[in-house]
Amino acid sequence: MTDNLRLDLLGPLRGWSGDRRLDLGPARQQTLLAVLALRSNQVISADELVELVWSDAPPSTGAKIVPPYIYRLRKLLPQGVLVHRRDGYSLRLAPGALDLDRFEGLISAAHACRNKDDAAAKLSEALELFTGEALSGLAGHYLSVQRHRLTERRLKVLAERIELDLERGRYGDLVPELVALVEEDRLREQFAGQLMLAYWRSGRISEALETYTRTRHELIEQLGVEPGPELRAIHERILRNDEPLARPTVRDELPYDGAAFVGRDDVLKRVVDALRTAGPAVVAIDGMAGVGKTALAVRAARQLADVYPDGRLFIDLHGYTPGHEPVSALQALDRLLRTLSVPADRIPADLEERAALWRSELAGRRILVVLDNAPDSAAVRPLLASGPRCGVLVTSRRQLTGLDATARLALDVLRPEDARELLAEIVGADRAGSADAAADVVDRCGYLPLAIRVAGARLRHRPSWTIEHLSKRLDAEDRRLAELSTDSGGVSPAFALSYEHLPPDQQRLFRLLGAMTGQDIEMYAAAALADLDVVEAEDLLEQLVDANLLLQLRPGRFQFHDLLRQYARTLAPEPDAVRRLLDYYLYATAEASAAIFSSRPQPLPEPTPVRLPQFDSAADGLEWIDAEGANVLATLMSAESSPEHVWRTGLAVASCFFQRGRVYEMDEALQLALRAAVGDAEAESRVLLSIGSLGRYRLGAEASLRTLQEARDKLPADADLALRARLLASIGYSLAKLSPDDEALAVLREALEVGRRAGDQSIASRVLAYLGATYGDRREFTQALVAYQDSLELGDPAVQAEVLNGIGECLLELDRVDEAVAALTTARDLGVERGADYSLIYTYAFLGTAYARQRLWSEAVDVGRSSLELALESDSKQSQQNAYLRLAETLLAKGDLAQARPHFARALELALEEGLEATVERAADGLDRTSPAA
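Per my numbering, the very first residue in the sequence shown carries number 1344; after that it's consecutive.
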């Protein structure tokens, strides 16, 4: 259980399972565990682990070094903690399992305390978790960086706790601790300054001044620099002996921030922490219209009264306000200077002189300035405070990339639970209804605070409405924006202001993106949609991200917030845009498929009408399909007006989905293709061929054969020979899977002959592979091996991994184990390279048997489990029964009868459903041999 594991990183690496201390093994193994722990509950690829763990001594074997270390860690950690995913490995830890998490939790709790004694106690408790230097004794660049980061984090928290102790008057108690800290690092000015204050306030002025002199000497001697402004200011205060006098009247211009402010604890803390740092702090918050930037800024400013006791100023720059021109920097400075009681006759007319006066007036003061609703960076720069004790908090709908900010925050929509809480705050718990109904409403609001406030206000002011009624009104996408807008504002007017501030080329792309049906879009698809050069399209997409009208969740991929997508669809479209997008997905899918399978079963008209990404390898095609497959499918669902695009694209993407084990999406693509092909006999035949061939492994040979025979019946008499050969081959293979008899062999031989007449070697290669599998099912392994080897010689990359699997199986049956391992290792490498998850199911299963014959038990069990994981993801009963059976046989041979038995039982259950006698016999025999009575 993951709850039983605890790991300590804030010192030497230590681990416990319950109350039992774990022996974590040699240093490199501990390094691997530490890396996984620092990135717990994330998936890390084997290649990345090599880079992070072995950076000081890269292994010649590359990523192959990782599995043995993972295996050893699994043996010492509780079961289920270290898991293998398709893309790598993940250490699953419960909340609080890491001392680092507990450390950060205590700091957060300290910051939430209103009482300084309680806050100091929490920080002290956090610091006590350090038992030495973090991650001590562990090698590698990554851990070295993390060690430095954690050391700096500890020192920052320590300085914060000391600051609290100074505020609580614990001067004498602090002196010994600070003397040691300053001696340990004579260049760290913060601790030197705190020691000077502790001495001074303890009446030890000469020692305070001596500390400054010594620190200044060290800085000049070692770095060639004078002390910073903070340390110099403390020195000057001591020389003048001027403790702060009573504060002047505080100017607080912050607007009312509303009663309903929920969630945002993490981002609020980030803003507050950023503005608590020494030196002039400039924090920029950006986000889409209605996301709650102003509310967050005002709430943060209210929590900073102790840091900025001389005032908190607020000015709305009206960057996006209906009926208002943006406030110029000149106007804003006039307003701010008057706020500081500067007489009108002293305020210069020139912008630079006015900005200089503003900076002078702030000198020596501790003031926070909130600049809300900024139109751009240029409007903000003259208003920035340069004083070391002042802070500036800016909000804008645009990303203020031209602003030299010390911290930036892109504000996202609310978390679902926080959105529900906001709705309940607005309407009252009694009106919020059931959790499901409230969840539906906030989901339809896109978790956008502005939309939730409008929806909540409508419900609150209509006593006869229920929340279920409101949810139904929001169901219709074409009415949703109207429901979330009012005469005085709301969602649509807020979006319209952002749109109207765009230049024409950005407005056009924003409108066209309303036509996209997928979840996100990349630059090539956007270029096709807008008929633009790819670089130009990417630039415009990035500019829309800067305007917070698009989201960029990872490099190169862009998406709308749901409500912004609906707003874009209300704008005038271009009729040809959708056709261009369909062309792009058709040709790009075909090129990706060609890169993966090294063949083009359905050539497309030339020239290509749109610009496409480069597909130089199978990896390129797989990467594109992984990223774009869902978008292709979504586009096909809404493309009824272009049936040829649908069936052609559906066929191409279905094969790619099959290669990746995404069988449900494969089924959906093929059903869409079949509906679109109605009325075109050859197209229907092509689609049915794919349905029957790709579905054979999941639906069984009998259902596959019926579909293939329907495809044959629809095949026009003048259809090309290649299509006829592929159909015959698939029919023959389904017959063979039902019964590997002479009839099946005859059909496959006919398919081989027709394929050769068509001059298509890829068909011949596949038919020979089918013949090899059929001979194998007949237990005629010598003939099967010959057929597989003939297929391999034809060199079709699309079937190479499957053929090598067949060769490996035959060699195993002929007891040529070492040769089998060689063939299967090559099959594994090809399967990984081509992302052939389905092929890898069998590769790993056969390798498990081969390793077991070589008595390499850990390797045999590991690959057997990998086979079973992939088989379960594929939803193919045929592959599952093979994986269960071979893993069970490995465990039985190893002597682990208890673990083998349930696998035999599941293999038997699946084999009985499929009616496969040979598998039934093997599974039943395994159950007999693993019974308690055996």
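Glycine residues also receive a C-beta, built at the ideal position from the N, C-alpha and C atoms.
Beta-ladder partner(s) of residue i, from DSSP
i	result
residue 1357	1351
residue 1901	1864
residue 1829	1832
residue 1711	1655 and 1734
residue 1431	1428
residue 1752	1628
residue 1594	1654
residue 1739	1629
residue 2282	Any answer about residue 2282 is impossible in this case: the structure gives the chain only from 1344 up to 2277.
residue 1387	1432
residue 1375	Paired residues: none, contrary to the question.
residue 1872	Paired residues: none, contrary to the question.
Selected residue, minimal CA-CA separation from residue i, among the options
i	options	result
residue 1449	1532, 1523, 1466 and 1368	1466
residue 2188	2169, 2209 and 2201	2209
residue 1793	1861, 1612, 1636 and 1384	1636
residue 2215	2041, 1915 and 2175	2041
residue 1897	1865, 1926 and 1907	1865
residue 1737	1624, 1490 and 1843	1624
residue 1384	1355, 1412, 2225 and 1427	1427
residue 1527	1558, 1507 and 1504	1558
residue 1735	1741, 2149, 2106 and 1726	1726
residue 1784	1567, 2242, 1810 and 1839	1810
residue 2006	1904, 2033, 1983 and 1985	2033
residue 1746	1718, 2015 and 2136	1718
residue 1460	1505, 1932, 1604 and 1678	1505
residue 2068	2084, 2107, 2085 and 2079	2107
residue 1352	2099, 1598 and 1474	1474
residue 2083	1437, 2275 and 2127	2127
residue 1954	1878, 1919, 1904 and 1988	1878
residue 1440	1977, 1349, 1930 and 1615	1349
residue 1839	1568, 1666 and 1952	1666
residue 2074	2117, 2063, 1970 and 1689	2117
Buried/exposed call for residue i, threshold 16 Cβ in 10 Å
i	result
residue 1873	buried
residue 1588	Unreliable placement is indicated for residue 1588, whose pLDDT of 33 sits below 50; the coordinate value is still reported in the next sentence. Exposed, since its Cβ has fewer than 16 Cβ neighbours within 10 Å.
residue 2182	buried
residue 1644	buried
residue 2148	buried
residue 1974	buried
residue 1934	buried
residue 1590	Any reading at residue 1590 must be qualified, since the residue scores a pLDDT of 36, below 50, and its modelled position is unreliable; the value itself is stated next. By the neighbour-count rule (16 or more Cβ atoms within 10 Å), residue 1590 is not buried but exposed.
residue 2273	buried
residue 1630	buried
residue 2125	exposed
Sub-7 Å separation of residue i and residue j beta-carbons
i	j	result
residue 1997	residue 2017	no
residue 1824	residue 1797	no
residue 2059	residue 2101	no
residue 1477	residue 1399	no
residue 2289	residue 1386	Outside the displayed range of the chain (1344 to 2277) lies residue 2289, so it cannot be described from this structure.
residue 1595	residue 1655	yes
residue 1781	residue 1856	no
residue 2094	residue 2066	no
residue 1651	residue 1577	no
residue 1552	residue 1534	no
residue 2027	residue 2019	no
residue 1925	residue 2178	no
Close-in-space but distant-in-sequence residues of the same chain around residue i (CB under 6 Å, 5 per side omitted)
i	result
residue 2031	2050, 2053 and 2054
residue 1895	1888 and 1901
residue 1956	1867
residue 1395	1378 and 1485
residue 1817	1787, 1823 and 1826
Contacting residues, own chain, Cβ-Cβ under 7 Å from residue i (five flanking each side not counted)
i	result
residue 1452	1465
residue 2009	1997, 2000, 2001 and 2037
residue 2251	2263, 2266, 2267 and 2270
Own chain, CB closer than 8 Å to residue i, minus 5 neighbours either side, in chain order
i	result
residue 1509	1517, 1537, 1540, 1541 and 1544
residue 1362	none
residue 1592	In this prediction, residue 1592 scores a pLDDT of 47, lower than 50, which makes its location untrustworthy; the coordinate-derived value is nonetheless stated afterwards. None.
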